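Each remark here refers to the structure printed beneath this line.
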Amino acid sequence: MRIGVIVIAVTLLAILAYSIIDLKADSAAPLATSRWYQFQANELEQKVAALCTAIEQRQPTQKLQQAFFAARLAYKPLELLTTYYMPYTDRFINGPNLQEVEADEKDVTIQPEGFQVLEALLFPTLQNTDTAALRQEAQRLQANLQRVHMRASSQDFTDAQLFDAMRQEVLRISSLGLSGFDSPEAQYSLPEAAAALHGVETIWHFYATRVQLINTELANHTQELFTNARQILQTHTDFNTLDRLHLISNYLDPLMVNLKLVREALNIPYTQLPHFLDPAASHTFAKDAFDVTFYAPDQAQVITADQITLGKQLFYDRVLSYNGQRSCATCHDPHKAFSDGLKTPAALDGEAPVIRNTPTILNAALQPGLFYDQRVAYLEDQVNTVVHNRAEMHGDLKAAALKLQQQTRYQQLFKKAFDVQPSEINPQNIQRAIASYIRSLIKLNSAFDEYMRGDTTRLTAAAKRGFNIFMGKAKCGTCHFMPLFNGVAPPDFAKAEAEIIGVPAIKDKPVIDTDNGKYNVHHIALYRYAFKTPTLRNIALTAPYMHNGVFNTLEEVITFYNNGGGAGMGMQLQGQTLPTDSLHLNQQEQQDVIAFMQSLTDTAAIQ
Numbered sequence: 001m002r003i004g005v006i007v008i009a010v011t012l013l014a015i016l017a018y019s020i021i022d023l024k025a026d027s028a029a030p031l032a033t034s035r036w037y038q039f040q041a042n043e044l045e046q047k048v049a050a051l052c053t054a055i056e057q058r059q060p061t062q063k064l065q066q067a068f069f070a071a072r073l074a075y076k077p078l079e080l081l082t083t084y085y086m087p088y089t090d091r092f093i094n095g096p097n098l099q100e101v102e103a104d105e106k107d108v109t110i111q112p113e114g115f116q117v118l119e120a121l122l123f124p125t126l127q128n129t130d131t132a133a134l135r136q137e138a139q140r141l142q143a144n145l146q147r148v149h150m151r152a153s154s155q156d157f158t159d160a161q162l163f164d165a166m167r168q169e170v171l172r173i174s175s176l177g178l179s180g181f182d183s184p185e186a187q188y189s190l191p192e193a194a195a196a197l198h199g200v201e202t203i204w205h206f207y208a209t210r211v212q213l214i215n216t217e218l219a220n221h222t223q224e225l226f227t228n229a230r231q232i233l234q235t236h237t238d239f240n241t242l243d244r245l246h247l248i249s250n251y252l253d254p255l256m257v258n259l260k261l262v263r264e265a266l267n268i269p270y271t272q273l274p275h276f277l278d279p280a281a282s283h284t285f286a287k288d289a290f291d292v293t294f295y296a297p298d299q300a301q302v303i304t305a306d307q308i309t310l311g312k313q314l315f316y317d318r319v320l321s322y323n324g325q326r327s328c329a330t331c332h333d334p335h336k337a338f339s340d341g342l343k344t345p346a347a348l349d350g351e352a353p354v355i356r357n358t359p360t361i362l363n364a365a366l367q368p369g370l371f372y373d374q375r376v377a378y379l380e381d382q383v384n385t386v387v388h389n390r391a392e393m394h395g396d397l398k399a400a401a402l403k404l405q406q407q408t409r410y411q412q413l414f415k416k417a418f419d420v421q422p423s424e425i426n427p428q429n430i431q432r433a434i435a436s437y438i439r440s441l442i443k444l445n446s447a448f449d450e451y452m453r454g455d456t457t458r459l460t461a462a463a464k465r466g467f468n469i470f471m472g473k474a475k476c477g478t479c480h481f482m483p484l485f486n487g488v489a490p491p492d493f494a495k496a497e498a499e500i501i502g503v504p505a506i507k508d509k510p511v512i513d514t515d516n517g518k519y520n521v522h523h524i525a526l527y528r529y530a531f532k533t534p535t536l537r538n539i540a541l542t543a544p545y546m547h548n549g550v551f552n553t554l555e556e557v558i559t560f561y562n563n564g565g566g567a568g569m570g571m572q573l574q575g576q577t578l579p580t581d582s583l584h585l586n587q588q589e590q591q592d593v594i595a596f597m598q599s600l601t602d603t604a605a606i607q
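Every letter in the sequence shown is one number past the one before it in the UniProt record's numbering, and letter 576, counting from 1, is 576.
Right under this line is the structure:
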């Protein structure tokens, strides 16, 4: 706590020193930010240098841990700027402690670097055999911070970028910081979240005087939100018992709203870059906050009602299958949240079943990787793959197009949707129409969404407790990221995560399922048994669960996670990304998590 107070005191001095500038100048806040950035970057380098010295001196583990805490507390106020302006470098400052391999460079393994690697070596205690590795990682961190220092003196800031960065950081705190995402071993997330929030508050102060002149009530309320949120984070010492729902819904989400209002009061334009999360949305649970075409190909950036109508017609039409006996809706039943209720669907030819469970396609447009193994990027490609899959539809889009060209009804529908003549009906238009329909199936109107939009009657006490456990003790939120509760990590939503959790072939036996997951696509050893992290929205309607449908109930799923996944069952599984230790959730806590997941069931009509 003392370290956090020192960081805040130093930052306040920086604000006073750098804010005595012409408040009428458009460049006032960016210039003040630049000066503060240089000051804080220097402070960070000093703290990391102190950590390196402590390591060289072979100080006791407790001293090393304290030096580590001080260094990362110095980093956290800068996080909103390093992640926004230097995302690649920041990955090697505070990225996950996981190896990575790019699909187009299979022979190159990218080793993790930075604070999280140091954390894994230092906590719960430093082993003698890790001393050399600790020294090496600290030196790498120093080298990466030199880039930050060099950038600090030359980086140009704009008002629009700074408001984007501030709102993104508030979301990062809500969705990642409070979950323990980047402090899995030390569990120092709450003081670090307070430090990160203070970085946002620092930049807010560079605008606050101007806002006071325009809208005093807005300025005062914004400062009140900052102060109260930070005090909660600074005074709450137990990671597991923090009321995250209260903090997010009463302070952090309203803070996102106010930063939007401040931006508009100051007439600061929105950046013209494409955004998955609309920067003009009030907050992440606002209706229509997400761009459903963000992950679409260029030719599908505009979706019309006529395209959706055509796509829906094709979705339910069996003309796409080779024997006319199966449509998309055969396996994606709207009455079952567009799943089928089966462990795995029966093959079209009646032989071996399809090897994977049918996922919901609700909100499928809100992710950049499709299928459990993420083998295609676009819904259009997914349509093509499923139609031509021998076990699923065994169809031929070219043959289907010829049939559709002969039907008057479809001639009219394609004309309205794409302005084409009958002879121009082709596979590409079929794919695009069905993809347009799927993109229309955005359902973000659950009881939880409504609660986050202000209707505080919509959650039961169990669901409220369950959310706090989900985002805290149970660690669910470190993979199923709020607000979408899938594997696409905020605030940039650039990548859909895949995890190795050790799903068994039979639920009660410690034998790994033989499906190799992403390895089958890329033939990269790190991807063996890795599967896309699916959405938890509407999960109460989509049993059975996992890629192979091995678990029939949510209780079975929670038990599997609570015990440490495959490793917890006794599997000798290399590379499991799920924590292997027990979560120590009691029966009430497990039921509360289930109650929360049930609150993610959409309340709007599904059709």
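All residues carry an ideal CB built from backbone N, CA and C; glycine is no exception. Quantities reported herein were computed from a predicted structural model and do not represent experimental measurements.
| query | result |
| --- | --- |
| Going along the chain, which residues of its own chain have a beta-carbon closer than 6 Å to the beta-carbon of C476, five neighbours each way excluded? | F470 |
| To the nearest angstrom, how far is it from the Cα of D107 to the Cα of L162? | 38 Å |
| Consult DSSP for E589 and reduce its assignment to one of helix, strand or coil. | helix |
| Are the beta-carbon atoms belonging to L122 and L64 less than 8 Å from one another? | yes |
| List the residues that DSSP assigns as beta-bridge partners of L370. | V376 |
| Write down the C-beta distance between T460 and A604 rounded to the nearest angstrom, noting that I regard them as a contact closer than 8 Å. | Not really, about 20 Å apart at Cβ, beyond 8 Å. |
| Pull up the distance between the alpha-carbon of V262 and that of I425, whole angstroms please. | 50 Å |
| Is F294 helix, strand or coil by DSSP? | coil |
| Kindly list the residues whose CB is nearer than 6 Å to the CB of P491, restricted to its own chain and excluding five residues on each side of it in sequence; keep chain order. | Q168, L171, R172 |
| From what residue to what residue does the alpha helix (DSSP H) around H221 run? | 216 to 235 |
| Using a Cβ-Cβ cutoff of less than 6 Å, which residues in the same chain neighbour L379 once the five nearest sequence positions on both sides are dropped? | A435, I438 |
| For K518, is the classification buried or exposed, using 16 other Cβ atoms within 10 angstroms of its Cβ as the cut-off for buried? | buried |
| What number of angstroms, rounded off, separates the C-alpha of V593 from the C-alpha of L441? | 26 Å |
| Quick check: the Cα distance between Q59 and L118, rounded to an integer number of angstroms? | 15 Å |
| Is E217 buried or exposed, if buried means 16 or more other CB atoms sit within 10 Å of its CB? | exposed |
| Mark I506 as exposed unless 16 or more other C-beta atoms lie within 10 angstroms of its C-beta, in which case mark it buried. | exposed |
| By how many angstroms is the C-alpha of I361 removed from the C-alpha of residue 621? | As shown, the chain starts at 1 and ends at 607. That puts residue 621 outside it, with no answer to give. |
| How many Å lie between T542 and R210 at the Cα? | 51 Å |
| Would you say the region 33 to 49 touches the region 134 to 143, given that touching needs at least three Cβ pairs under 8 Å? | yes |
| I'd like the ranges of any alpha helix (DSSP H) spanning at least 4 consecutive residues and lying wholly in the region 489 to 570. | 519 to 522, 554 to 562, 565 to 569 |
| Quick check on D243: does DSSP put it in helix, strand or coil? | coil |
| Considering only DSSP beta bridges, list what I110 is partnered with. | E100 |
| Express the C-alpha separation of A417 and Q428 in angstroms, rounding to a whole number. | 13 Å |
| Identify the residues that DSSP records as bridge partners of F481: which are they? | N486 |
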